[in-house]
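Student: The numbering used here puts the first residue of the sequence shown at 10, with every later residue one more than the last. One structure, as structure tokens, below. Some questions next.
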Amino acid sequence: METLANAAAFLPSTSVLVAFLAVYFAYLVFTHRNCALGTNERPDLETRPGYPIIGNLLEFRAHGDRIVNLWIWGREQKTTNKPLSFTVPGKRFIDVSKPELIEAIQKTNFSNYVKGPATHARLEQILGDGIFAVDGKKWHSQRKATSKIFNANSFRGIITQSLDANLEKLLAIIRRHADKGEEFSLDALFFRFTLNSFADLAFGVDVGALSTESDEPVPFAAAFDFAQSILALRFTNPFWKITERFSGQAKAMEEASKVLDDFAFKIIDERVKQGKGDIKKEQKDEVAGLDLLSLCMALRDENGQPMSRRALRDAVLNLIIAGRDTTAQALSWTMFHLLTRPEFIDPIRTEVEELGVIDYDSYKNLHQTNAVFSEGLRLHPSVPKAAWQALGDDVLPGGLRIEKGDFVLWSDLMMGRDEEVWGEDAKEFKPSRWVDEKGELRKESQFKAHMFNSGYRLCLGQDLAKYEASAVLAAVLREFDLSFAPDYLETVPRNAIDGTPEYAPSLTLPMLAPLRVIAKHRTKA
Ligand code: HEM
């Protein structure tokens with residue numbers, strides 16, 4: 010007892026302790042008056058003024074669902090030429106939405122940047138260790154495997170099969186609406202279409218999303234949509250694990266994740282039971298009965314080992330996620346722009362009539378159609394933003410210094426509207442910018458026309474997406490005259506950036522309000 014009492018005599022009194030903490034806190038406030046705790050002062054950047062210690066955390070939380078708007082607003086508020094930066098505790102974000110900076114990050118200095126553990130932690134529940142969620146060796150081996158599949162001859166055949174079958178169902182639904190003269194949500198229909206065709210492509214099953222009996226979402230689609238919206242919110246909430254638990258979202262996410270797992274594992278297990286994973290080399294060139302899953306099951310790694318059950322689930326779900334939302338949203342935004350500027354519709358119809366059969370190769374001859382689609386995607390890129398983390402210090406073109414641990418953030422939505430990148434008419438829907446003097450499609454640099462990402466992580470499904478989109482635009486516009494529902498333009502919520510319809514919170518760019526349209530059977534001139 011006596012020893013304890015002696016020791017206590019040497020401990021600082023409570024008031025000394027409080028005074029010490031107050032001084033330390035004042036020191037932290039002073040040293041972090043322009044940046045968040047865990048980051049340092051960077052006079053070479055224009056850091057958005059936030060609060061001492063927490064930096065821009067409150068702004069991030071306030072814009073949680075539409076973080077790109079915060080960046081656009083941040084750029085508008087800038088008072089210097091220095092690159093824009095935001096901080097939140099432990100993280101600094103630096104705006105690199107310029108083609109030359111993106112080229113350095115995604116190509117020249119690629120090995121210095123990763124999506125990083127924070128991204129993986131947020132995505133893992135749904136994307137597992139799939140190609141989207143991982144870096145380094147894991148990513149490299151998946152990239153190799155996925156590229157092999159996309160380059161297989163059989164892949165083209167599978168695509169055409171699934172596209173043709175589902176396009177006919179899509180048209181049947183529009184015919185039904187046209188017969189009744191009723192309005193319908195075109196964006197929702199495109200989601201149903203791409204889900205059905207990508208699930209067909211991936212698993213060889215009809216998930217029923219294009220049922221003509223009902224417009225209700227199927228459980229797989231509902232679970233998928235919910236999961237995506239929650240994943241997006243996690244990126245602006247450092248406390249997502251805690252808040253999801255208290256808000257009940259954690260439980261709902263577990264349920265959604267189970268729906269997706271059950272769906273994928275049921276098909277994989279059936280395939281394994283039927284021994285259908287063992288396709289021989291010579292069979293791979295025959296399309297009938299093949300799908301992405303069977304191509305994945307036939308892959309062997311360098312040790313001759315097939316993909317595990319979990320890896321198959323991750324690979325195939327990642328491909329559906331990759332293809333489904335991105336393509337559906339790009340189609341919806343393109344249709345929005347087309348209906349706003351209907352003078353671009355007839356040139357599409359003319360070249361479609363002239364071409365005849367549209368397939369995986371010939372679609373490239375639809376120059377007007379592809380130009381319109383690229384322009385829709387430029388103004389409304391399906392992946393509007395992304396951030397990678399630096400593994401080490403780097404200097405980007407123009408001398409922009411990146412420190413180890415910094416996050417470089419780019420927004421294709423911002424870049425599409427950037428006059429320095431696209432010229433004075435950047436904000437205008439102008440398909441002609443994609444066509445050269447000879448009437449051929451202009452080859453833009455992938456770092457400028459960045460909607461499909463670039464460099465080593467360039468989208469593997471770019472051709473597939475463009476083919477699918479051309480085929481849909483051609484088929485729908487050939488058969489129908491579409492127009493906005495009577496009160497659509499007056500009532501649709503508008504985005505503060507440019508007055509186009511508001512987008513919904515997501516990792517991608519869905520429309521917030523349904524794209525309500527009316528279809529009429531077309532009477533050819
Ligand atoms: C308009 C449609 C599409 C757009 C705008 C698009 C855009 C993108 C973007 C921006 C990325 C980079 C994403 C990131 O790393 O965060 C990406 C990656 C990828 N996309 Fe697409 N995509 C589209 C359609 C598709 C389709 C149809 C598929 C195939 C089914 C596909 C397969 C992939 C794959 C596998 C990757 C990962 C590449 C890697 O990390 O190495 N995409 N895409």
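Cβ coordinates follow ideal geometry from the N, Cα and C atoms, glycine included.
What whole-angstrom Cβ distance do I158 and L301 have, given they're in contact under 8 Å?
Tutor: About 6 Å separates the two Cβ atoms, so the contact holds.
Student: Measuring alpha carbon to alpha carbon, tell me which of R318, G83, R243 ends up nearest E279.
Tutor: Residue R318 is the option with its Cα nearest to E279.
Student: Quick one: using the 10 Å Cβ neighbour count with 16 as the cut-off for buried, is E291 buried or exposed?
Tutor: The pLDDT assigned to E291 is 44, lower than 50, so where the model puts this residue is not dependable; a value taken from the coordinates is nonetheless given after this. Answer is exposed; the Cβ neighbour count stays below 16.
Student: Compute the distance between the beta-carbons of A399 and K413, then report whether it is under 7 Å.
Tutor: Yes, the pair counts as a contact, with Cβ atoms nearer than the cut-off.
Student: Can you tell which of W419, G64, V214, S163 has its C-alpha closest to the C-alpha of A174?
Tutor: Looking at the Cα atoms, V214 is the closest of the given residues.
Student: For L66 versus V38, is the C-beta distance shorter than 7 Å?
Tutor: Cβ distance not < 7 Å, so L66 and V38 don't count as in contact.
Student: Applying the criterion that 16 or more other CB atoms from any shown protein chain within 10 Å of the CB defines a buried residue, is T351 buried or exposed?
Tutor: The identity of residue 351 in the sequence shown is Pro, whereas the question assumes Thr. It is exposed - the Cβ of P351 has fewer than 16 other Cβ atoms within 10 Å.
Student: Taking DSSP as the reference, what is the three-state secondary structure of M316?
Tutor: M316: coil per DSSP, three-state reduction.
Student: In or out: V27 buried (at least 16 other Cβ within 10 Å) or exposed?
Tutor: By the neighbour-count rule (16 or more Cβ atoms within 10 Å), V27 is not buried but exposed.
Student: Inspect the beta-carbon positions of E511 and P523 and report whether they are closer than 7 Å.
Tutor: Cβ atoms of E511 and P523: not closer than 7 Å.
Student: Give me the Cα-Cα distance between V526 and F353, rounded to the nearest whole angstrom.
Tutor: In a straight line, the C-alpha of V526 is about 18 Å away from that of F353.
Student: Under 8 Å by Cβ, that's how I've got I277 and L328 pegged, so tell me the actual separation to the nearest angstrom.
Tutor: Contact doesn't hold; Cβ gap of about 14 Å is too wide.
Student: Kindly indicate which three-state DSSP category G173 falls into: helix, strand or coil?
Tutor: Gly is not the amino acid found at residue 173; the sequence shown has Asp there. Of the three classes helix, strand and coil, the one that applies to D173 here is helix, per DSSP.
Student: Need the endpoints of the alpha helix (DSSP H) that K275 sits in, please.
Tutor: 258-282 is the extent of the alpha helix (DSSP H) around K275.
Student: Using DSSP bridges, identify the partner residues of M520.
Tutor: BP columns for M520 point to Y512.
Student: According to DSSP, simplified to helix, strand and coil, what is T48?
Tutor: Three-state DSSP puts T48 in coil, outside helix and strand.
Student: Relative to the C-alpha of H530, which candidate in E191, T89, K91, C44 has its C-alpha closest?
Tutor: The option with the nearest alpha carbon to H530 is E191.
Student: In whole angstroms, what is the alpha-carbon distance linking Y36 and P92?
Tutor: If I take the Cα positions, the gap works out to 27 Å.
Student: Applying the 10 Å Cβ sphere with the 16-neighbour rule, what's the burial state of R309?
Tutor: Exposed, since its Cβ has fewer than 16 Cβ neighbours within 10 Å.
Student: Roughly how many whole angstroms lie between the Cα atoms of L386 and E477?
Tutor: The alpha-carbon atoms of L386 and E477 are separated by roughly 14 Å.
Student: By Cβ distance, which residues of its chain are closer than 7 Å to Q338, with the 5 residues on each side in sequence left out?
Tutor: The residues are S391, T517, L518, P519.
Student: Would you mind working out which of I330, L304, Y369, L418 sits nearest P393, comparing C-alpha positions?
Tutor: Per the Cα distances, L418.
Student: For the alpha helix (DSSP H) that D234 lies in, which residues bound it at each end?
Tutor: It spans 228-243 - the alpha helix (DSSP H) in which D234 sits, taken as one unbroken run.
Student: Between the Cα of N462 and the Cα atoms of S106, T509, G83, I167, which residue gives the shortest distance?
Tutor: That would be S106, whose Cα lies nearest to the Cα of N462.
Student: With a threshold of 16 other CB atoms inside 10 Å of the CB of T155, please say whether the residue is buried or exposed.
Tutor: Looking at its Cβ environment, which holds 16 or more other Cβ atoms inside 10 Å, T155 is buried.
Student: Tell me whether K290 sits in a helix, a strand or coil according to DSSP, three-state version.
Tutor: Low per-residue confidence applies at K290: pLDDT is 49, beneath 50, and the placement is therefore not dependable, though the value from the model is reported in the following sentence. Correct three-state label for K290: helix.
Student: Applying the criterion that 16 or more other CB atoms from any shown protein chain within 10 Å of the CB defines a buried residue, is H346 buried or exposed?
Tutor: Per the 10 Å Cβ criterion, buried.
Student: Quick one: using the 10 Å Cβ neighbour count with 16 as the cut-off for buried, is Q151 buried or exposed?
Tutor: By the neighbour-count rule (16 or more Cβ atoms within 10 Å), Q151 is buried.
Student: Does the beta carbon of N462 fall short of 6 Å from some heavy atom of the ligand HEM?
Tutor: Yes, the ligand HEM has a heavy atom inside 6 Å of this Cβ.
Student: Considering only the beta carbon of each residue, do T89 and E50 sit closer than 7 Å?
Tutor: No, the pair does not count as a contact, with Cβ atoms beyond the cut-off.
Student: By how many angstroms is the C-alpha of S441 removed from the C-alpha of F274?
Tutor: F274 and S441: Cα-Cα distance of roughly 46 Å.
Student: Quick one: give me the first and last residue of the beta strand (DSSP E) that S417 is part of.
Tutor: It should be pointed out that residue 417 corresponds to Val in this sequence rather than to Ser. V417 -> beta strand (DSSP E) spans 416-419.
Student: Quick one: is the Cβ of R165 within less than 6 Å of any heavy atom of the ligand HEM?
Tutor: False, no ligand heavy atom lies under 6 Å from that Cβ.
Student: DSSP three-state call for A494: helix, strand or coil?
Tutor: Coil at A494, not helix or strand.
Student: Helix, strand or coil: which one does DSSP assign to S206?
Tutor: Of the three classes helix, strand and coil, the one that applies to S206 here is helix, per DSSP.
Student: Could you check what DSSP says for Y369 in three-state terms: helix, strand or coil?
Tutor: Note: Y369 maps to coil in three-state DSSP.
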